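One structure below.
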Amino acid sequence: SAVISQKPSRDICQRGTSLTIQCQVDSQVTMMFWYRQQPGQSLTLIATANQGSEATYESGFVIDKFPISRPNLTFSTLTVSNMSPEDSSIYLCSVGKGGSTEAFFGQGTRLTVV
Amino acid sequence: AQSVAQPEDQVNVAEGNPLTVKCTYSVSGNPYLFWYVQYPNRGLQFLLKYITGDNLVKGSYGFEAEFNKSQTSFHLKKPSALVSDSALYFCAVRDQTGANNLFFGTGTRLTVIP
Chain A
442 SAVISQKPSR DICQRGTSLT IQCQVDSQVT MMFWYRQQPG QSLTLIATAN
492 QGSEATYESG FVIDKFPISR PNLTFSTLTV SNMSPEDSSI YLCSVGKGGS
542 TEAFFGQGTR LTVV
Chain B
676 AQSVAQPEDQ VNVAEGNPLT VKCTYSVSGN PYLFWYVQYP NRGLQFLLKY
726 ITGDNLVKGS YGFEAEFNKS QTSFHLKKPS ALVSDSALYF CAVRDQTGAN
776 NLFFGTGTRL TVIP
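Put into structure tokens, the structure is as follows:
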């Protein structure tokens with residue numbers, strides 16, 4: 442398994458500002474992902490964070506809005522830029538480890554944009 | 676393309692009774708199937724998975740799930756429900772091409788009534 446720490450756990454932000462969410466894993470992992478869970482809805486994959494290269498974004502998500510960094514095999518950040526109330530969601534970091542088929546999740550960051 | 680359907684938004688069951696949370700899937704080739712649970716203000720916790728082999732898989736907290744290839748289903752079950760089982764349950768699928776990203780169902784809220 443993997444222990445994943447996300448910071449912050451929650452935040453209330455003003456529209457037009459940006460928030461950076463951090464994801465720290467207790468061991469090196471090959472795959473890191475960022476998901477969004479809008480209120481009352483399921484999880485949607487935003488992007489795959491690639492170590493040493495640009496993130497791979499899913500349809501409907503763009504780098505200008507959700508820039509991602511992954512400087513090493515244990516850490517990634519997701520920034521939610523120029524926020525609007527529609528960005529109010531839970532953002533979850535997820536990791537996959539070589540040899541393990543399941544994904545592990547952080548506790549999530551609950552973002553409210555006012 | 677992968678997809679997952681959880682036909683019930685809400686399932687209510689009396690404590691001590693058996694519970695079933697339904698899931699059907701669509702994927703090219705053989706699927707990897709997962710169940711996750713989300714408690715309030717928490718991230719997703721892995722419950723169990725089907726990769727290959729025995730169609731009945733056992734997981735955490737007494738849960739089990741049965742893979743049915745002909746019906747493309749992977750229903751979650753527990754013989755005797757506990758009040759503490761009340762939570763949001765997600766079924767997820769990925770194909771075997773190597774990418775670890777998951778496709779999630781819309782979730783089923785399970786309420787166990789004392």
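Each protein sequence line maps, in turn, to chains A and B.
Using the working numbering, read the first sequence as starting at 442 and increasing by one per residue.
Using the working numbering, read the second sequence as starting at 676 and increasing by one per residue.
Each residue gets a CB set at the ideal place from its N, CA and C atoms; glycine is no exception.
Small disclaimer: the values here were computed from a predicted structure and weren't measured.
Check: What separation, rounded to the nearest whole angstrom, lies between the Cα atoms of Pro706/B and Met473/A?
Finding: On the second sequence, residue 706/B is found 31 positions in, with the first residue counted as 1. On the first sequence, residue 473/A is found 32 positions in, with the first residue counted as 1. Cα to Cα, the separation comes out at about 21 angstroms.
(Q) Quick check on DSSP: helix, strand or coil for Glu527/A? (A) As a first step, residue 527/A is located in the first sequence; it is residue number 86 there, counting from the start. Looking at Glu527/A - three-state DSSP - the assignment turns out to be helix.
Where Glu543/A meets chain B, residues with beta-carbon distance less than 8 angstroms
The residue labelled residue 543/A in the question sits at position 102 within the first sequence. Neighbours of Glu543/A on chain B, chain order: Phe709, Phe721, Lys724.
Taking Cβ-Cβ distances shorter than 8 angstroms, what residues in chain A pair up with Thr781/B? As a working mapping, residue 781/B is identified with position 106 in the second sequence. Those are Gln482, Ser483, listed as they occur along chain A.
Practice problem: Please specify which runs of the beta strand (DSSP E), each continuous and at least 3 residues long, are wholly inside the region 444-493 of chain A, giving them in chain order. | Solution: 445-448, 451-454, 460-466, 472-478, 484-490
**Report entry** Within 9 angstroms, strictly: CB atoms of Thr747/B and Tyr700/B
**Finding:** Indexing the second sequence from 1 puts residue 747/B at position 72. Indexing the second sequence from 1 puts residue 700/B at position 25. Yes; because the gap between Cβ atoms is below 9 angstroms, this pair is in contact.
(Q) Three or more C-beta pairs under 8 angstroms: does that hold for the region 774-789 of chain B against the region 749-763 of chain B? (A) yes
- Start-to-end residues for the beta strand (DSSP E) that takes in Val503/A: Looking up residue 503/A in the first sequence gives position 62. Here Val503/A belongs to no beta strand (DSSP E), and DSSP marks it neither H nor E.
What number of angstroms, rounded off, separates the C-alpha of Ser735/B from the C-alpha of Gln548/A? Sequence index remark: in the second sequence, residue 735/B carries index 60 (1-based). Sequence index remark: in the first sequence, residue 548/A carries index 107 (1-based). Their Cα atoms are separated by approximately 18 angstroms.
* To do: Take the Cβ of Lys744/B as the centre, count every other Cβ of all protein chains shown within 10 Å, and call the residue buried at 16 or more, exposed below.
  => As a first step, residue 744/B must be located in the second sequence, where it is residue number 69. Flag for Lys744/B reads exposed.
**Prompt:** Using a Cβ-Cβ distance under 9 angstroms, would Phe749/B count as near chain A?
**Reply:** Translated into positions along the second sequence, residue 749/B becomes position 74. Not closer than 9 angstroms to any Cβ of chain A, the Cβ of Phe749/B fails to qualify, so no.
message: Just to check my reading of the structure: Phe516/A and Cys464/A have Cβ atoms closer than 8 angstroms, yes? What is that Cβ distance to the nearest angstrom?
response: Numbered from its first residue, the first sequence carries residue 516/A at position 75. Numbered from its first residue, the first sequence carries residue 464/A at position 23. Indeed they touch by this definition, with Cβ atoms about 7 angstroms apart.
| field | Alpha-carbon to alpha-carbon, Arg551/A and Ser450/A | value | On the first sequence, position 9 is the one that residue 450/A refers to. On the first sequence, position 110 is the one that residue 551/A refers to. Rounded to whole angstroms, Ser450/A and Arg551/A show a C-alpha spacing of 6 angstroms.
**Partners in chain A for Phe738/B, counting only beta-carbon separations shorter than 7 angstroms** = Walking along the second sequence from the start, residue 738/B turns up at place 63. In chain order: nothing, as chain A lies at least about 14 angstroms away.
- [ ] Return helix, strand or coil for Ser701/B, following the three-state DSSP convention.
- [x] Counting from one through the second sequence, the residue named residue 701/B turns up at place 26. Residue state, collapsed to three classes: strand.
(message) Using only CA atoms, which one of Gly728/B, Gln685/B, Lys733/B, Lys697/B lies nearest to Val679/B?
(response) For this step, residue 679/B is matched to residue 4 along the second sequence. Of the candidates Gly728/B, Gln685/B, Lys733/B, Lys697/B, the one whose C-alpha sits nearest the C-alpha of Val679/B is Lys697/B.
Give the straight-line distance between the Cα atoms of Met524/A and Glu741/B, rounded to the nearest whole angstrom. For the purposes of this step, residue 524/A is taken as the residue at position 83 of the first sequence. For the purposes of this step, residue 741/B is taken as the residue at position 66 of the second sequence. Distance between the alpha carbons of Met524/A and Glu741/B: 42 angstroms.
Next item on the list: Quick one: grab the DSSP three-state call for Val712/B.
Entry: The residue labelled residue 712/B in the question sits at position 37 within the second sequence. Note: Val712/B maps to strand in three-state DSSP.
*CA-to-CA distance, Tyr476/A to Ser483/A, given in whole angstroms*: Stepping through the first sequence from its first residue, residue 483/A is reached at position 42. Stepping through the first sequence from its first residue, residue 476/A is reached at position 35. Roughly 10 angstroms between the two C-alpha positions.
**Under 8 angstroms by beta carbon: chain A residues contacting Gly734/B** = As a first step, residue 734/B must be located in the second sequence, where it is residue number 59. In chain order: nothing, as chain A lies at least about 10 angstroms away.
Straight-line CA distance for Tyr498/A to Ala767/B? In the first sequence, residue 498/A corresponds to position 57, counting from 1. In the second sequence, residue 767/B corresponds to position 92, counting from 1. Computed Cα separation, rounded: 20 angstroms.
Check: Which one of Val470/A, Tyr532/A, Thr518/A, Gln455/A has the shortest CA to CA distance from Ala544/A?
Finding: The sequence position of residue 544/A within the first sequence is 103, counting from 1. Looking at the Cα atoms, Val470/A is the closest of the given residues.
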